[in-house]
Every structure is written in C-alpha cells, then in structure tokens.
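Here the structure is laid out as structure tokens; the discussion comes afterwards.
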Amino acid sequence: MNAQTRITHHAASPATLQRNSVHGYSAFRLGGFEFYRDEYFAHIRWESRDSRPMSHSLDVAIFLRALMRDVAWGFFYGWVNFDEVFGTLNHYTSVDLYAGTYNGAMKSAGIDRLETFPTEQIRTVFEQMLDDWTNEGFDPFAAPQETGLAYGPKRGNNRSAITRARELATRCVGLKGDLPLRADHTGSPVNRAFADVPQDEPLIHAEPGFEDQVHAFNLFAFLSRSQVTWNPSFTSVVKHSYMCPTTEEHILPIIHGNDRVEWFFQMCDEIDWSCADKNTGKPLARIIMKAGDMAAMPAYCRHQGFSPKRSMLLVWENGSPSLVYEIQKGESPEVPVEF
Ligand SMILES: [Fe+2]
Numbered sequence: 115m116n117a118q119t120r121i122t123h124h125a126a127s128p129a130t131l132q133r134n135s136v137h138g139y140s141a142f143r144l145g146g147f148e149f150y151r152d153e154y155f156a157h158i159r160w161e162s163r164d165s166r167p168m169s170h171s172l173d174v175a176i177f178l179r180a181l182m183r184d185v186a187w188g189f190f191y192g193w194v195n196f197d198e199v200f201g202t203l204n205h206y207t208s209v210d211l212y213a214g215t216y217n218g219a220m221k222s223a224g225i226d227r228l229e230t231f232p233t234e235q236i237r238t239v240f241e242q243m244l245d246d247w248t249n250e251g252f253d254p255f256a257a258p259q260e261t262g263l264a265y266g267p268k269r270g271n272n273r274s275a276i277t278r279a280r281e282l283a284t285r286c287v288g289l290k291g292d293l294p295l296r297a298d299h300t301g302s303p304v305n306r307a308f309a310d311v312p313q314d315e316p317l318i319h320a321e322p323g324f325e326d327q328v329h330a331f332n333l334f335a336f337l338s339r340s341q342v343t344w345n346p347s348f349t350s351v352v353k354h355s356y357m358c359p360t361t362e363e364h365i366l367p368i369i370h371g372n373d374r375v376e377w378f379f380q381m382c383d384e385i386d387w388s389c390a391d392k393n394t395g396k397p398l399a400r401i402i403m404k405a406g407d408m409a410a411m412p413a414y415c416r417h418q419g420f421s422p423k424r425s426m427l428l429v430w431e432n433g434s435p436s437l438v439y440e441i442q443k444g445e446s447p448e449v450p451v452e453f
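For the record, in the sequence shown the residue sitting at position 281 is 395 according to the working numbering, with numbers rising by one throughout.
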C-alpha cells in the first residue's frame with residue numbers, strides 16, 4: 115500500500131446514518147465508506163482514489179455471514195475478504211477497511227479505497243450493523259439448512275445468536291476449570307450429520323497427584339455437537355500453538371487471506387478449497403481434501419472452502435504475535451517447509 119493512498123483515522127466520527135423508511139434498516143458510515151441494506155442486498159459506496167463515486171453489492175446473507183465472523187473473531191489473522199472486492203486486514207491494534215485494494219483489476223484501474231481505523235471504532239460500527247441488519251430467525255453462524263432467511267424488510271433481531279461467546283480453552287477443553295465438554299444438557303445436541311459418531315469418552319488412569327494434569331477427550335464427539343459452522347474454537351493451547359477444530363457445511367463465508375502459515379487436517383468427509391494470490395485474487399490452486407488429508411496454506415495465499423456436507427476440520431494456528439512481522443522482514447518463511 116502506497117502511503118499516499120492510506121487514510122488513517124484516530125478518532126471516531128458519527129457512524130449511524132438515517133433509517134430507511136421503506137425497508138426499516140439503518141445505514142452506516144465508516145470514514146469514506148457508506149453501508150446500506152435492502153431486502154436482498156448489502157450495498158457499499160465509496161469514493162475512489164481518483165474521486166470517482168463507486169459502489170458494490172453483495173447478497174445480504176453472504177454479507178452477514180462474513181460480518182458475523184469478522185466481529186466474532188476480532189478481525190482474525192490477516193485478511194477477511196467478504197468477497198473478491200470488500201474486506202478487512204487486521205493489524206491487531208488497528209484494522210484496514212478496503213474495497214478493491216486486493217483485487218488486481220480494480221487496483222490497477224485506480225478505483226479502490228483503503229482506510230485504517232482503530233480496532234474499537236470499526237468493531238463498534240460492525241457490531242451495530244450486524245445487530246440492525248440481522249432479522250429474527252436468521253442465524254449467520256448456522257448452516258443454510260439449519261436457519262431461516264436473511265431476506266425481506268426489517269423483522270426483529272437475533273441478538274442471542276450474534277453475541278455467542280467464542281469457545282476458547284485456556285489449556286484444553288474438559289480440564290478442571292477450563293471450557294466444559296459439550297453435552298445435551300448444555301444445549302449442544304449431536305448434529306444431524308454426525309448421528310453415527312460414538313459418544314464414549316476415553317478412560318484416564320492418572321498417577322495420584324496428577325489427576326488435574328493428565329487429560330484426554332473424544333474430539334470427534336466434541337465436534338459432532340458443534341451448533342455452528344466455520345467457527346474455529348480453541349480446544350487445546352500450548353504457548354502459541356492453537357488447535358482450532360471446527361465443523362463446516364456449505365461455503366466458508368469469508369475468503370481468508372493469510373498473514374502466516376495455517377495448517378488444515380480434514381478429519382472426515384470432504385472440503386474443496388479455492389486458493390488464490392492474496393494481493394490480486396489471481397487463482398493459484400484448487401485443493402480437494404478428503405478424510406485424512408492434510409494441507410498447509412502458505413502466508414501468500416487466500417482461500418475459501420466448499421463443504422458439500424457437514425464435515426470436521428482441524429485448523430492449526432501459530433498465534434505468535436510477532437510472527438507476522440518476522441514474515442514481513444523475511445526472518446520467517448511464508449511456506450511451512452522447503453524441500
Ligand atoms: Fe484460513
């Protein structure tokens with residue numbers, strides 16, 4: 115990013131515009147970006163670098179599913195592309211909001227825009243927009259077959275669904291004092307796709323005095339009870355090594371651009387991935403992952419997964435806060451291994 119084209123905000127400006135009298139949804143502003151929704155679409159307007167009025171539209175269900183992840187994951191690692199045009203880039207204390215900046219054709223045409231906001235400012239506006247635009251009966255975290263429609267005029271809200279706490283273990287789920295295992299009585303019944311997954315737990319024979327340190331649990335059973343899709347939780351944490359298993363169905367609602375290497379282990383069924391250059395969107399690879407397959411997403415790619423039926427995916431993240439800067443300086447590689 116050319117420094118001359120970066121607009122950096124240090125203080126919040128009013129974010130909410132008027133409420134549309136036809137559909138009932140509020141409009142929002144973040145710097146030079148304006149956001150509107152109608153019955154079917156989210157619309158984004160901005161002024162290009164050369165002062166031309168630009169606009170872009172997304173199916174509102176796609177927009178809200180992406181917005182839900184961006185909010186819930188605290189802008190995640192690297193790029194959260196809502197589609198090939200619009201998204202966010204996390205700098206961990208600030209966030210870039212862009213349109214066209216990482217789309218090769220729009221960038222070269224000069225019709226892109228990028229602005230940098232303090233994380234709290236963009237988080238506040240995104241949370242307000244998610245709340246205002248999510249209708250009663252539509253859960254952006256749920257598989258499309260397991261929730262209602264996002265479309266139509268404004269109709270109530272679904273605050274309980276969009277404010278779910280992310281499940282983040284401190285050491286490991288099921289350990290004393292840590293995240294509990296999922297169960298019927300905690301509101302986590304076995305998903306329809308995993309009715310055949312055994313629910314027995316391993317027997318643990320710890321030496322006396324080590325009962326709180328020796329631990330095991332049935333990860334397949336844990337995942338079979340996930341109520342959401344495309345939402346990695348931390349099940350075990352060792353320093354900056356995060357095991358983030360998740361259940362996937364339909365399409366990953368974002369195109370994730372990596373600022374570090376990310377590992378995938380396909381634990382059952384199948385996910386097909388489209389991988390592209392993270393800066394331009396130029397296609398790089400199509401990866402077909404079947405049960406037992408492993409892959410690593412290099413730090414220079416973006417990727418989106420397609421899961422024809424609910425499947426289990428183990429995502430392994432290196433959460434080191436210094437890693438992204440080591441990669442930028444060339445001190446750490448962009449790939450997991452060099453042969
Ligand atoms: Fe990813």
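The beta-carbon is built from N, C-alpha and C at its ideal position, and this holds for glycine as well.
Worksheet entry | Beta-bridge partners of N456, as assigned by DSSP | Because the chain in this structure spans residues 115 to 453, residue 456 falls outside the shown range and cannot be described.
Worksheet item: H370: beta carbon under 7 Å from a heavy atom of ligand 1?
Response: Stepping through the sequence shown from its first residue, residue 370 is reached at position 256. H370: yes, Cβ under 7 Å from ligand 1.
Fill in: ligand 1 heavy atom lying under 7 Å from the CB of M411
The sequence position of residue 411 within the sequence shown is 297, counting from 1. Indeed, a heavy atom of ligand 1 lies less than 7 Å from the Cβ.
Practice prompt. List in chain order: all unbroken beta strand (DSSP E) runs of 3+ residues lying wholly within the segment 376-450.
Written response: Within the segment 376-450, the complete beta strand (DSSP E) segments at least 3 residues long are 376-380, 384-391, 397-404, 408-411 and 415-432, listed from N- to C-terminus.
Discussion item. Measuring straight from C-alpha to C-alpha, what distance separates Q118 and R163?
Written reply: Within the sequence shown, numbered from 1, the residue matching residue 118 stands at position 4. Within the sequence shown, numbered from 1, the residue matching residue 163 stands at position 49. Model confidence at Q118 stands at a pLDDT of 44, short of 50, so the residue's coordinates are unreliable and nothing is read from them.
Discussion item. For G444, count the other beta carbons within 10 Å of its own beta carbon; 16 or more makes it buried, fewer makes it exposed. Which is it?
Written reply: Against the sequence shown, residue 444 aligns to sequence position 330. Flag for G444 reads exposed.
Worksheet item: When the Cα atoms are used, what is the spatial distance from G433 to V304?
Response: Translated into the one-based positions of the sequence shown, residue 433 becomes position 319. Translated into the one-based positions of the sequence shown, residue 304 becomes position 190. So the alpha carbons of these two residues sit roughly 30 Å apart.
Worksheet item: Count the other CB atoms within 10 Å of the CB of V451; is the residue buried (16 or more) or exposed (fewer)?
Response: Counting from one through the sequence shown, the residue named residue 451 turns up at place 337. The residue is exposed, with fewer than 16 neighbouring Cβ atoms inside 10 Å.
Item to complete: Compute the beta-carbon to beta-carbon distance between M220 and V199, rounded to the nearest angstrom, for a pair I have assumed lies under 8 Å.
Response: Position 106 of the sequence shown, counted from the first residue, corresponds to residue 220. Position 85 of the sequence shown, counted from the first residue, corresponds to residue 199. Yes, M220 and V199 are in contact; Cβ-Cβ is about 7 Å, under 8 Å.
Discussion item. Classify Q132: buried if its beta carbon has 16 or more other beta carbons within 10 angstroms, exposed otherwise.
Written reply: The residue given as residue 132 occupies position 18 in the sequence shown. Q132 comes out exposed.
Worksheet item: Hey, how far is the Cα of I176 from the Cα of Y414?
Response: Indexing the sequence shown from 1 puts residue 176 at position 62. Indexing the sequence shown from 1 puts residue 414 at position 300. So the two alpha carbons sit approximately 24 Å from each other.
Fill in: Euclidean distance between Cα positions of M381 and H329
Within the sequence shown, numbered from 1, the residue matching residue 381 stands at position 267. Within the sequence shown, numbered from 1, the residue matching residue 329 stands at position 215. Note on geometry: alpha-carbon atoms of M381 and H329 lie some 21 Å from one another.
Discussion item. Going by C-alpha to C-alpha distance, which of A256, Q313, F240 and R306 sits closest to N332?
Written reply: Residue mapping note: residue 332 aligns to position 218 of the sequence shown, counting from 1. Ranked by Cα distance from N332, the first of A256, Q313, F240 and R306 is Q313.
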